Amino acid sequence: MTPLEEILVRRIAASGPMPFAAFMSFALYHPQHGYYTAGPARVGWRGHFLTSPELDPAFGELWADAFEQIWTACGEPNAFELIEIGPGEGAFAASVLSSVAPPFSDALSYRLVERSPALRERQRERLEVFGRVDWSASVTEVGPVEHGCVFANEVIDNLPVHLVEQHDGSLREVCVGVRDGRLTFVHLPPSNPELERYLQRCGIELPDGHRFEVGLAAESFVARVGQMFASGAAVFVDYGADADDLAQRPFGSLLAYSKKGTDERVLEDPGEKDITTHANWTAVENACRAARLQPIGPITQRRVLESLGLHALHDRFRTEYSAAVAASHGARALNALSRRQALGALADPGGLGGLQVVVATRGITDPAFAQPTKEGTG
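For the sequence shown, position 378 (counting from the first letter as 1) is numbered 399 according to the working numbering, and the numbering increases by one without interruption.
Here it is in structure tokens:
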């Protein structure tokens with residue numbers, strides 16, 4: 022039993038079962054024992070999994086062009102803030118700041134929103150060379166800025182969700198209780214009338230027996246993002262699906278990640294596992310419109326990166342590889358080859374390329390990278 026499980030068992034024994042959203046919040050963000058807040062590196066080569074920014078700096082290099090497009094659409098203002106939420110170990114910020122050039126770089130300031138003190142310290146060590154970087158501990162501390170862009174890569178999937186199931190025409194909430202001294206799921210009446218209203222907002226009727234994740238926190242998150250800038254865009258990158266698709270999944274989309282791999286035992290070892298769920302793009306887009314943002318997408322990450330110059334970058338690495346081989350520079354050849362392979366992973370439709378991007382704009386024309394191609398948005 023992990024230290025956090027001991028805490029939760031005592032808490033539930035004293036106060037009764039808690040909504041899964043409360044459990045997920047403790048498991049990921051408890052100040053001392055949360056998966057992301059306890060201190061150890063969780064993403065990157067030293068962590069439990071790789072996200073796109075840690076795979077190769079090319080990811081940030083390509084997105085730097087997207088941010089410049091948004092700045093241009095804002096009218097090339099003298100001040101433009103890029104706000105990254107959930108910046109991990111700072112790899113994305115480092116690659117973006119290494120890639121931008123005047124006049125965009127002269128206008129750019131960078132803000133990282135990170136709740137973990139340990140992560141903020143590692144980010145500062147990595148980014149201090151760039152200057153013009155600031156930190157906030159919470160989204161409530163940010164903005165508004167006149168012109169800017171909010172970037173949230175695989176953030177929505179970590180926001181706490183309530184769990185509900187439909188049984189014999191009645192909605193039940195799947196909460197976390199205790200049995201024989203261990204955490205277990207229990208079915209109770211809904212703890213909040215907003216759970217049923219969420220389903221109504223998404224326009225779905227849940228099939229009997231199906232479990233569904235209710236992302237009230239994601240709706241609130243999008244609403245807060247909408248308050249961060251007067252003109253510009255918000256970019257959400259995540260694995261997701263529309264509400265109708267999610268409603269057809271009998272067991273929902275919850276998964277846990279740890280040093281042992283991937284599993285669906287989300288109540289086991291709290292504090293030592295990541296817990297994720299698919300973004301509900303229907304709910305996210307509804308929340309964007311409520312926040313006076315115009316959503317575009319979802320578009321696959323592969324399609325977005327291609328529009329930002331993925332193929333040209335691949336050709337550059339191929340040329341570098343050939344030149345290094347001809348000059349008998351083995352290390353340079355291996356580096357170019359590795360980076361070409363990383364680009365392939367970023368675009369792999371069965372992996373990172375299958376991530377989806379929703380861009381939500383205000384006060385600007387749609388940037389070129391977010392415009393659907395003739396083949397559609399998928």
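Backbone N, C-alpha and C define an ideal beta-carbon position, used for all residues, glycine too. Every value quoted in this text rests on a predicted model; they were computed, and no experiment measured them.
- Judged by beta-carbon spacing, V305 lies within the 8 Å limit of A239, meaning their Cβ atoms are closer than that value.
- With a beta-carbon spacing of about 18 Å, R147 and I104 fall beyond the 8 Å limit used to define contacts.
- About 6 Å separates the Cβ atoms of R323 and P370, confirming a contact at the 8 Å cut-off.
- Here M249 is buried. Its C-beta has 16 or more other C-beta atoms within 10 Å.
- The criterion of a C-beta distance shorter than 8 Å is not satisfied by T72 and P291.
- Across the set Q144, V150, F257 and S116, the C-alpha of F257 shows the shortest separation from the C-alpha of I177.
- Cβ atoms of H299 and G253 stay farther apart than 8 Å, at about 26 Å.
- Listed in chain order, the non-local C-beta contacts of G374 below 7 Å within the same chain comprise T321, Q322, R323, L367 and A368, local neighbours out to five positions each way being set aside.
- Counting only unbroken stretches of 4 or more residues, the alpha helix (DSSP H) elements lying wholly within the region 257-312 are 264-268 and 302-311, in sequence order.
- Residue environment for P108: buried (at least 16 other C-beta atoms within 10 angstroms of its C-beta).
- When Cβ pairs closer than 8 Å are counted between the two stretches, the region 39-52 is seen to touch the region 169-185, the count reaching three or more.
- Fully enclosed beta strand (DSSP E) runs of no fewer than 3 residues occupy 315-321 of the region 303-373, in order along the chain.
- One thing to note: E226 has its Cβ no nearer than 8 Å to the Cβ of L192.
- Here DSSP, grouped into helix, strand and coil, assigns R193 to strand.
- Taking 8 Å as the cut-off, the beta carbon of A244 is found closer than this to the beta carbon of A311.
- Per DSSP, reduced to three states, the secondary structure at T382 is strand.
- Between N99 and A128 a beta carbon distance of about 6 Å is seen, short of the 8 Å cut, so the two are scored as contacting.
- One Cα belongs to Q315, the other to S274, and the distance between them is close to 27 Å.
- Bounds of any beta strand (DSSP E) do not take in C223; it lies within the alpha helix (DSSP H) bounded by E215 to C223.
- The secondary-structure analysis by DSSP pairs T205 across a beta bridge with G198.
- Boundaries for Q187: no alpha helix (DSSP H) harbours it, while the beta strand (DSSP E) harbouring it runs H183 to H188, taken from the DSSP string.
- DSSP places Y50 in the uninterrupted alpha helix (DSSP H) bounded by F41 to Y50.
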